[in-house]
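UniProt numbering puts the sequence shown at residues 1 to 318.
Yeah, the Cβ is synthetic: ideal placement off N, Cα and C, and Gly gets one too.
Okay, so here's the structure we're looking at.
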Amino acid sequence: MATYGFHSSHEQIHPAELLKAVARAEQAGFAAAMSSDHFSPWSARQGHSGFAWSWLGAALQATELPFGIVNAPGQRYHPAIIAQAIGTLGAMFPGRFWAALGTGEASNEHITGDRWPRKDVRTARLRECVDVIRALLAGEEVSHDGLVTVDRARLWTRPEVPPKLVGAAVSAETARWCAEWADGLITVNRPVETLREVMAAYREAGGRGKVALQVHLSWAESEEEALAIAHDQWRSNVFGPPVSWDLDTAELFDVISAEVPPSRVTEAVNVSADLGRHAAWINEYAELGFDEIYLHHVGQDQSAYIDAFGAKVLPQLR
Numbered sequence: 001m002a003t004y005g006f007h008s009s010h011e012q013i014h015p016a017e018l019l020k021a022v023a024r025a026e027q028a029g030f031a032a033a034m035s036s037d038h039f040s041p042w043s044a045r046q047g048h049s050g051f052a053w054s055w056l057g058a059a060l061q062a063t064e065l066p067f068g069i070v071n072a073p074g075q076r077y078h079p080a081i082i083a084q085a086i087g088t089l090g091a092m093f094p095g096r097f098w099a100a101l102g103t104g105e106a107s108n109e110h111i112t113g114d115r116w117p118r119k120d121v122r123t124a125r126l127r128e129c130v131d132v133i134r135a136l137l138a139g140e141e142v143s144h145d146g147l148v149t150v151d152r153a154r155l156w157t158r159p160e161v162p163p164k165l166v167g168a169a170v171s172a173e174t175a176r177w178c179a180e181w182a183d184g185l186i187t188v189n190r191p192v193e194t195l196r197e198v199m200a201a202y203r204e205a206g207g208r209g210k211v212a213l214q215v216h217l218s219w220a221e222s223e224e225e226a227l228a229i230a231h232d233q234w235r236s237n238v239f240g241p242p243v244s245w246d247l248d249t250a251e252l253f254d255v256i257s258a259e260v261p262p263s264r265v266t267e268a269v270n271v272s273a274d275l276g277r278h279a280a281w282i283n284e285y286a287e288l289g290f291d292e293i294y295l296h297h298v299g300q301d302q303s304a305y306i307d308a309f310g311a312k313v314l315p316q317l318r
């Protein structure tokens with residue numbers, strides 16, 4: 001049976017309110033949580049972008065939930081610093097923390113002033129970062145000269161069991177590549193056939209561990225309100241690669257999404273006022289074989305959603 005978790009969206013919600021939301025989600029019956037890790041929101045309308053790593057310490061202390069984060073080491077974050085962050089949370093909260101690693105987006109990474117590399121270079125850089133992070137979590141002293149540079153780094157505080165490093169992928173090709181190094185896989189809701197292909201690519205390439213899915217959804221008391229919430233908050237997120245990778249400010253995302261109609265948003269977000277319909281969608285994902293499914297209501301007000309899904313949706317999930 002799949003585990004159903006709460007997605008903590010730092011781009012949309014003040015971190016203090018988000019901490020209240022995840023505690024409420026635990027009380028409502030969500031069994032796990034995950035966190036985004038952004039420097040910039042996708043739209044000025046979203047309006048937030050708290051520092052996820054500070055927040056995670058508070059969230060792990062405030063709940064008993066296992067937590068994960070999706071992170072992009074290599075530019076905004078040096079891999080040794082990410083290894084230290086992973087190691088510290090793993091040491092403080094044994095068995096409750098994992099990190100998914102991906103190649104990132106320019107909207108977060110451009111702040112360093114360094115050139116935003118081609119996708120193939122970003123992929124190679126991530127692979128180097130994975131090896132550096134694993135070696136540091138294993139207690140090795142690491143020096144490395146490549147797309148990232150590390151000089152005699154060593155973690156002095158480490159967990160007894162290193163947290164799992166999960167691959168983040170949206171395509172079958174990337175999922176297949178993640179199988180070389182990852183302890184699991186996470187992807188985002190797409191058409192069922194696409195998700196089936198992504199999972200198959202990972203498993204057929206020898207991918208081990210759990211496979212997780214992040215589901216974007218919008219629920220409200222009426223269809224009109226649910227659609228309005230999704231259109232307001234998530235229309236800047238309907239663009240696939242390379243747009244989502246390479247645009248570098250929230251303002252640019254707002255410009256290119258200005259004419260996106262509500263109907264297009266429903267291609268990326270499950271929109272319905274019918275809680276039974278949401279349960280059916282989620283059950284369909286579970287039947288594909290996902291081990292963990294993280295639910296992300298794209299609205300900024302999380303309370304009504306948490307209460308409704310805790311009372312009416314989670315009990316319907318197989």
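Note the first and the last residue of the continuous beta strand (DSSP E) segment covering residue 292.
Along the sequence shown, read from residue 1 onward, the residue named residue 292 stands at position 292. From DSSP, the beta strand (DSSP E) with residue 292 extends over 292–297.
Which ranges does the beta strand (DSSP E) cover as unbroken runs of at least 3 residues, wholly within the segment 86–147, from first to last along the chain?
97–101 and 142–145
Name the residue from 198, 161 and 212 whose alpha carbon lies nearest to the alpha carbon of residue 184.
In the sequence shown, the residue the question calls residue 184 occupies position 184. When only C-alpha atoms are compared, the closest one is 212.
Measure the alpha-carbon distance for residue 137 versus residue 41 and round it to whole angstroms.
Working through the sequence shown from its first residue, we reach residue 137 at position 137. Working through the sequence shown from its first residue, we reach residue 41 at position 41. Residue 137 and residue 41: Cα-Cα distance of roughly 30 Å.
Please state the DSSP three-state secondary structure of residue 150.
By one-based count along the sequence shown, residue 150 stands at place 150. Three-state DSSP puts residue 150 in a strand.
Residue 140 and residue 210 look like a contact to me (Cβ under 8 Å); what is the Cβ gap, rounded to whole Å?
The residue labelled residue 140 in the question sits at position 140 within the sequence shown. The residue labelled residue 210 in the question sits at position 210 within the sequence shown. So it is not a contact: roughly 26 Å between Cβ atoms.
Residue 309 by DSSP, collapsed to three states: which one?
Position 309 of the sequence shown, counted from the start, is the residue given in the question as residue 309. Residue state, collapsed to three classes: helix.
Give me the Cα-Cα distance between residue 113 and residue 75, rounded to the nearest whole angstrom.
Residue mapping note: residue 113 aligns to position 113 of the sequence shown, counting from 1. Residue mapping note: residue 75 aligns to position 75 of the sequence shown, counting from 1. Distance between the alpha carbons of residue 113 and residue 75 is about 10 Å.
Distance between residue 265 and residue 4 (C-alpha atoms, nearest Å):
Against the sequence shown, residue 4 aligns to sequence position 4. Against the sequence shown, residue 265 aligns to sequence position 265. Near 24 Å, if we compare the C-alpha coordinates of residue 265 and residue 4.
Within the continuous alpha helix (DSSP H) that includes residue 57, where are the two ends?
As a working mapping, residue 57 is identified with position 57 in the sequence shown. Note, residue 57: alpha helix (DSSP H), 52–62.
Excluding sequence positions up to five away, which residues of its chain have a Cβ less than 8 Å from the Cβ of residue 124?
Here residue 124 is taken as the residue at index 124 of the sequence shown, counted from 1. Same-chain partners within the cutoff: 147.
C-beta contact flag for residue 6 and residue 108 at 9 Å
Within the sequence shown, the letter at position 6 stands for residue 6. Within the sequence shown, the letter at position 108 stands for residue 108. No; because the gap between Cβ atoms is not below 9 Å, this pair is not in contact.
Does the Cβ-Cβ distance between residue 100 and residue 21 come in under 9 Å?
For this step, residue 100 is matched to residue 100 along the sequence shown. For this step, residue 21 is matched to residue 21 along the sequence shown. Not closer than 9 Å, so no.
Helix, strand or coil: how does DSSP classify residue 82 here?
Taking the first residue of the sequence shown as 1, we reach residue 82 at position 82. Residue 82 falls in the helix class under three-state DSSP.
Could you name each continuous alpha helix (DSSP H) segment of 4 residues or more that falls completely within the segment 233–288, going from the start of the chain to the end?
243–246, 250–256, 262–265 and 275–287
Name the residue from 274, 231, 190 and 294 whose alpha carbon lies nearest to the alpha carbon of residue 312.
For this step, residue 312 is matched to residue 312 along the sequence shown. Nearest of 274, 231, 190 and 294 to residue 312, Cα basis: 274.
Classification of residue 61 by the beta-carbon crowding that lies within 10 angstroms, buried from 16 upward
Counting from one through the sequence shown, the residue named residue 61 turns up at place 61. Exposed is the call here.
Starting from residue 70, trace the beta strand (DSSP E) in both directions and tell me its first and last residue.
Counted from its first residue, the sequence shown places residue 70 at position 70. Here the beta strand (DSSP E) through residue 70 covers 67–71.
Nearest residue (CA-CA) to residue 152, options 294, 186, 93 and 79
One-based indexing of the sequence shown puts residue 152 at position 152. Among 294, 186, 93 and 79, the Cα nearest to that of residue 152 is on 79.
CB-CB under 7 Å to residue 130, same chain, minus the five flanking residues each way: which ones, in chain order?
Here residue 130 corresponds to residue number 130 of the sequence shown, with the count starting at 1. Taken in chain order, the residues that qualify are 101, 165 and 181.
Using only alpha-carbon positions, find the residue among 216, 257, 192 and 224 that is nearest to residue 285.
Residue mapping note: residue 285 aligns to position 285 of the sequence shown, counting from 1. Selected option, being the one with the closest Cα: 192.
Between the beta-carbon of residue 248 and the beta-carbon of residue 110, is there less than 9 Å?
Along the sequence shown, read from residue 1 onward, the residue named residue 248 stands at position 248. Along the sequence shown, read from residue 1 onward, the residue named residue 110 stands at position 110. Yes, these two residues count as a Cβ contact at 9 Å.
What does the alpha-carbon distance come out to for the pair residue 199 and residue 16?
Numbered from 1 along the sequence shown, position 199 holds the residue referred to as residue 199. Numbered from 1 along the sequence shown, position 16 holds the residue referred to as residue 16. The alpha-carbon atoms of residue 199 and residue 16 are separated by roughly 35 Å.
For residue 203, the nearest candidate out of 288, 303 and 237 (CA to CA)
The sequence position of residue 203 within the sequence shown is 203, counting from 1. Checking every option, the nearest Cα to that of residue 203 belongs to 288.
Taking only the alpha-carbon atoms, compute the straight-line gap between residue 59 and residue 232 and give it to the nearest angstrom.
Indexing the sequence shown from 1 puts residue 59 at position 59. Indexing the sequence shown from 1 puts residue 232 at position 232. Their backbone Cα atoms lie some 27 Å apart in a straight line.
On the DSSP bridge list, what partners appear for residue 166?
Your numbering for residue 166 matches position 166 in the sequence shown. Answer is 100.
If you draw a straight line from the C-alpha of residue 308 to the C-alpha of residue 300, how long is it?
The count along the sequence shown starts at 1 and reaches residue 308 at position 308. The count along the sequence shown starts at 1 and reaches residue 300 at position 300. Cα-Cα distance, rounded: 15 Å.
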